[in-house]
Structure formats: C-alpha cells, structure tokens
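Sequential numbering from 5 applies to the sequence shown in our numbering.
Using N, Cα and C, we set each Cβ at its ideal position, and we do this for glycine too.
Please read these numbers as outputs of a predicted model, since none were measured by experiment.
Below is one structure; the comments refer to it alone.
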Amino acid sequence: MCHKQPLVNISQAKLFAYKIPFKRTMQFQAFQLDHREGLILQLIDNEGGKYLSEIAPLPGFSKETFTDVKTEMINMLATKWCQLAKYNSHYKSIQFALDSLFINCGKKVKTQQAEVDNIPLLQGDKISIEAQYKNLGQVNLIKLKVARECVDSDIAVFNMLCQLNPLLKIRCDANQAWSKQQAASFFSAINTQQLDYIEEPTCNHQTNLALAEQYNVYLGLDETLQNSDFCYQHHHSIKAFIIKPTLIGHLKKIDQLVSIAQKYGLMLSFSSSFESVIGLQALKNLASYYIAQPKSQALVISLGIDTLKYFDSTMLIDAQKMEQDCQQLELLWTSH
Numbered sequence: 005m006c007h008k009q010p011l012v013n014i015s016q017a018k019l020f021a022y023k024i025p026f027k028r029t030m031q032f033q034a035f036q037l038d039h040r041e042g043l044i045l046q047l048i049d050n051e052g053g054k055y056l057s058e059i060a061p062l063p064g065f066s067k068e069t070f071t072d073v074k075t076e077m078i079n080m081l082a083t084k085w086c087q088l089a090k091y092n093s094h095y096k097s098i099q100f101a102l103d104s105l106f107i108n109c110g111k112k113v114k115t116q117q118a119e120v121d122n123i124p125l126l127q128g129d130k131i132s133i134e135a136q137y138k139n140l141g142q143v144n145l146i147k148l149k150v151a152r153e154c155v156d157s158d159i160a161v162f163n164m165l166c167q168l169n170p171l172l173k174i175r176c177d178a179n180q181a182w183s184k185q186q187a188a189s190f191f192s193a194i195n196t197q198q199l200d201y202i203e204e205p206t207c208n209h210q211t212n213l214a215l216a217e218q219y220n221v222y223l224g225l226d227e228t229l230q231n232s233d234f235c236y237q238h239h240h241s242i243k244a245f246i247i248k249p250t251l252i253g254h255l256k257k258i259d260q261l262v263s264i265a266q267k268y269g270l271m272l273s274f275s276s277s278f279e280s281v282i283g284l285q286a287l288k289n290l291a292s293y294y295i296a297q298p299k300s301q302a303l304v305i306s307l308g309i310d311t312l313k314y315f316d317s318t319m320l321i322d323a324q325k326m327e328q329d330c331q332q333l334e335l336l337w338t339s340h
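See below:
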C-alpha cells in the first residue's frame, strides 16, 4: 500500500498553468475540445531538488472544472502550502496530484523503474485508424475508441483491424455511450474472439453484464469505478479495472481497487486522462510501485498513456524537459 510521507525541508512552492493545443478537435463526452489545460504544482527543497505534480480535471468526466481547481489551489497555497501533506481536497484531480507528491514509493520508483506495457491507442475514422495501426508495426494488442461514430462504422473498423492481423487482440472503450441495442449490434457483427475486453458499453452496469453473458465477451470497468457508491461484486465476465487516478482521486481508493484485482485475478490498466508528460510520469511511477510489490507478482498491469501524440505542441511532452518547460508557463502563485 502507498502511504503518505512528508517531503522534508520544502522551502518553496510554485503553481503554473498550461494550455496545450490538440492536433484536431477531440471529443470528451459532450465536450469538443481544441486544447487541454491544467495546473502544475512545483515544490523545491532546501537542496534545490524539484518535485512536480499535475492537476488536470478532464471536461466531460471530472466533476470539477479547471476554474474550480485553480481557485482552490491558489487559496490553499496562500494559507497552507507548508502543510500540503495533510491537505485533503474533495476535488479528485487535486487529491491525486497531492498524493502523488507524498507517497512513500517515490524514491524507490526512481531506482527501480519497471517495464510496463503501454497499450497503443487508436481513434478517428477508418482510414486514419488503418494508417495508425500500420505505423505500429503489426502489434498484437491495441486499445480502440468506439461509440464516437455510428455502430456500423465501429464494426467496419474493428473487422478491418482483425483482417490486418488475425492475432490482434482489441480492447474497446465505449465510455458508456451505446444503448443496449447498439452494443448488441456491435457484438453480433464482430469476431468476439479478437475482443480482449470492452470498457463500459452502456451506462448501466447490469445491462453490460447481461450483454457480456449473451455474447460471451469480457468487460473492463472504468467509469463504474469512479462512482462514490461503488461496491465491487465479482462476475466472471469482468476481466479488468481501468484506473484513471485523475478521476478516482485518493490513493487509498486506488489501493482498494488494486487489492480487489489481486483477490479476483483481474487485469489492471493505469490510464491517462489526457494529461501532460508530468501527469503520465506519475502514472508510470504508480504502476511501477505496484509491480514491485511481492504480493502483486501475479497481477497483469499495463499502462494506457498513449495520448501525447494527440497534442500539437513541444511543451510538456518530453520527460527530459519537464522542469525546463515549466519555466515557460504562466506563473499563478509563488511562495516567494
């Protein structure tokens, strides 16, 4: 389990804001976004060591907005920045950002970075997806966004990918956007043997379980895990948890989900909410920490962080330039 521990001798705090354009307009539920915006919190210790964390609520999925977290962070830093390790926020994106600064796995991860599979993400129209897949070099596992176009288009894309590689396994993500009939139409028209699992085909969990039974497919839980009243009941059709820390918040809840996955032999994917490279680095650290735990050896853990390619910017996409890039951002607050 990850536990909070204070970073000793913190002498300075800074809060930056970023806005990164997308290469093309991206759809997040009812939102059409041409850019991603968020906050970067930087702490500096007495020896000049710098620690970065990202706060980036995702429109359409996070309950809090960028304005919400910006206001809370500025107000909190103005009065309590020396007590950050003890601060609790009801905004999930803030809570995970703070927790990721203070978890006890930080130093261990830096010296023991595990190799974790990063599953390629494909989305767009049929021609674009075909080109994306061919550029990957015949990989055998991908994630495919569905339910953005009509079901017939999704069927055509899925079947096209299967024809390109009969060994391909596809993880689909519908973000609860289909009706029961749309999901049924999709399952009945594809080779379900090449569907590794599908995330949240409809917005009703019981409907999803019934569909999985009827069409003999597996489910990945994503939005369901983010419900405040979530209580897991095992079902043989559930294969994976898709954990998006920006949307889940507290590391205690992430620990609980990992423990459930261990108990029932579920796969885990630590996935991005389209953060910058700073947020993605936190996900890598988190996955590496859990992989390094002796009790986690049987867990199959992957990363869903193939999202930087959608940004049209050189800012905050290179892990080697994180601190340098921060100096070019808008400074919202500094302790001195």
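In three-state DSSP terms, what is Q260?
-> For the purposes of this step, residue 260 is identified with residue 256 of the sequence shown, where counting begins at 1. Reduced to three states, the DSSP call for Q260 is helix.
What residue from S66, L47 and Q87 has the CA that sits closest to F32's CA?
-> To locate residue 32, count along the sequence shown from 1; it is residue 28. Nearest of S66, L47 and Q87 to F32, Cα basis: S66.
From D233 to E51, what does the alpha carbon distance come to, in whole angstroms?
-> The count along the sequence shown starts at 1 and reaches residue 233 at position 229. The count along the sequence shown starts at 1 and reaches residue 51 at position 47. Straight-line Cα distance between these residues: approximately 44 angstroms.
Check whether the Cβ atoms of A89 and F106 sit closer than 8 angstroms, and answer yes or no.
-> Translated into positions along the sequence shown, residue 89 becomes position 85. Translated into positions along the sequence shown, residue 106 becomes position 102. In this structure, F106 lies closer than 8 angstroms to A89 by Cβ.
Answer yes or no: do K84 and W337 have a C-beta to C-beta separation smaller than 8 angstroms?
-> Reading the sequence shown from its first residue, position 80 is the one you call residue 84. Reading the sequence shown from its first residue, position 333 is the one you call residue 337. Not in contact: K84 and W337 (Cβ atoms no closer than 8 angstroms).
Flag this pair as yes or no: are the beta carbons of S97 and V73 separated by less than 8 angstroms?
-> For this step, residue 97 is matched to residue 93 along the sequence shown. For this step, residue 73 is matched to residue 69 along the sequence shown. Yes.
Coil, strand or helix - E279 by DSSP | Along the sequence shown, one-based indexing puts residue 279 at 275. Note: E279 maps to coil in three-state DSSP.
Since I believe L172 is in contact with Q198 (beta carbons under 8 angstroms), could you give me their beta-carbon distance rounded to a whole number of angstroms?
-> Position 194 of the sequence shown holds residue 198. Position 168 of the sequence shown holds residue 172. 6 angstroms between Cβ atoms; contact.
Could you check where the beta strand (DSSP E) with F20 kicks off and where it finishes?
-> Counted from its first residue, the sequence shown places residue 20 at position 16. That run of the beta strand (DSSP E) goes I14 to F32.
What residue does the alpha helix (DSSP H) around Q328 start on, and which one ends it?
-> The residue given as residue 328 occupies position 324 in the sequence shown. Run containing Q328: M326 to C330, per the alpha helix (DSSP H) assignment.
Q332: buried (16+ other C-beta within 10 angstroms of its C-beta) or exposed?
-> One-based indexing of the sequence shown puts residue 332 at position 328. It is exposed - the Cβ of Q332 has fewer than 16 other Cβ atoms within 10 Å.
Closest to I202 by CA distance: which of V221, K325, G253 and I131 is it?
-> Here residue 202 refers to the residue found at position 198 of the sequence shown. I202 has its Cα closest to that of V221, out of V221, K325, G253 and I131.
Can you give, in chain order, each stretch of the alpha helix (DSSP H) that sits fully within the region 182-270 and has at least 4 residues?
-> 184-193, 209-219, 249-252 and 255-268
Could you pull the start and end residues of the beta strand (DSSP E) that C154 belongs to?
-> For the purposes of this step, residue 154 is taken as residue 150 along the sequence shown, with counting starting at 1. Per DSSP, C154 belongs to no beta strand (DSSP E) and is neither H nor E.
In or out: V161 buried (at least 16 other Cβ within 10 Å) or exposed?
-> Position 157 of the sequence shown, counting from 1, holds the residue named residue 161. By the 10 Å Cβ count, V161 comes out buried.
Secondary structure at L336, three-state DSSP: helix, strand or coil?
-> The residue given as residue 336 occupies position 332 in the sequence shown. Strand at L336.
Please name the residue in M164, K299, P25 and G224 whose C-alpha comes closest to that of A193.
-> Sequence index remark: in the sequence shown, residue 193 carries index 189 (1-based). Residue M164 is the option with its Cα nearest to A193.
To the nearest angstrom, how far is it from the Cα of P124 to the Cα of K147?
-> On the sequence shown, residue 124 is found 120 positions in, with the first residue counted as 1. On the sequence shown, residue 147 is found 143 positions in, with the first residue counted as 1. Spanning the two alpha carbons is a distance of roughly 6 angstroms.
Residue range of the alpha helix (DSSP H) that E76 falls in?
-> Numbered from its first residue, the sequence shown carries residue 76 at position 72. First-last of the alpha helix (DSSP H) with E76: F70 to K84.
Beta-ladder partner(s) of E58, from DSSP = As a working mapping, residue 58 is identified with position 54 in the sequence shown. Bridge partners of E58: I44.
Secondary structure at D121, three-state DSSP: helix, strand or coil?
-> For the purposes of this step, residue 121 is taken as the residue at position 117 of the sequence shown. The answer is strand: DSSP assigns D121 an E or B state.
Going by alpha carbons, who is nearest to I48 out of I258, I14 and P249?
-> For the purposes of this step, residue 48 is taken as the residue at position 44 of the sequence shown. Comparing Cα-Cα distances from I48 to each of I258, I14 and P249, the minimum goes to I14.
Can you find at least 3 beta carbon pairs, one from the region 287-305 and one from the region 135-142, that sit closer than 8 angstroms?
-> no
Name the two residues that bound the continuous beta strand (DSSP E) containing L307.
-> On the sequence shown, position 303 is the one that residue 307 refers to. Note, L307: beta strand (DSSP E), I305 to G308.
Q142: which of E119, K130 and N169 sits nearest, CA to CA?
-> Residue 142 sits at position 138 when you count from the first residue of the sequence shown. Closest option to Q142, Cα to Cα, is N169.
For Y95 versus E134, is the C-beta spacing smaller than 8 angstroms?
-> Within the sequence shown, numbered from 1, the residue matching residue 95 stands at position 91. Within the sequence shown, numbered from 1, the residue matching residue 134 stands at position 130. Their beta carbons are not under 8 angstroms apart, which means Y95 does not touch E134 by this criterion.
Roughly how many whole angstroms lie between the Cα atoms of A21 and R40?
-> Within the sequence shown, numbered from 1, the residue matching residue 21 stands at position 17. Within the sequence shown, numbered from 1, the residue matching residue 40 stands at position 36. Near 11 angstroms, if we compare the C-alpha coordinates of R40 and A21.
Hey, how far is the Cα of E204 from the Cα of Q16?
-> Your numbering for residue 204 matches position 200 in the sequence shown. Your numbering for residue 16 matches position 12 in the sequence shown. Each residue's alpha carbon lies about 43 angstroms from the other.
As assigned by DSSP and simplified to three states, the class of I98 = For the purposes of this step, residue 98 is taken as residue 94 along the sequence shown, with counting starting at 1. Here I98 sits in helix by DSSP.
Supposed close pair G42, E327 - CB separation, criterion 8 angstroms | Taking the sequence shown and counting its residues from 1, the one referred to as residue 42 is at position 38. Taking the sequence shown and counting its residues from 1, the one referred to as residue 327 is at position 323. About 16 angstroms separates the two Cβ atoms, so there is no contact after all.
I258 vs I252 beta-carbon contact at 8 angstroms = Stepping through the sequence shown from its first residue, residue 258 is reached at position 254. Stepping through the sequence shown from its first residue, residue 252 is reached at position 248. Their beta carbons are under 8 angstroms apart, which means I258 touches I252 by this criterion.
What is the rounded straight-line gap between the Cα of Q237 and the Cα of D38?
-> The residue labelled residue 237 in the question sits at position 233 within the sequence shown. The residue labelled residue 38 in the question sits at position 34 within the sequence shown. Distance between the alpha carbons of Q237 and D38: 39 angstroms.
Leaving out five residues on either side along the sequence, give the residues of the same chain with a beta carbon under 7 angstroms from the beta carbon of A323.
-> Along the sequence shown, one-based indexing puts residue 323 at 319. Correct list, in chain order: V281 and Q285.
Closest by CA to Q186, which one among S277, I159 and T196?
-> Within the sequence shown, residue 186 is the residue found at index 182, counting from 1. Of the listed residues, the one whose Cα sits closest to Q186 is I159.
Within the chosen definition, does the region 298-315 reach the region 262-281 through at least 3 CB pairs nearer than 8 angstroms?
-> yes
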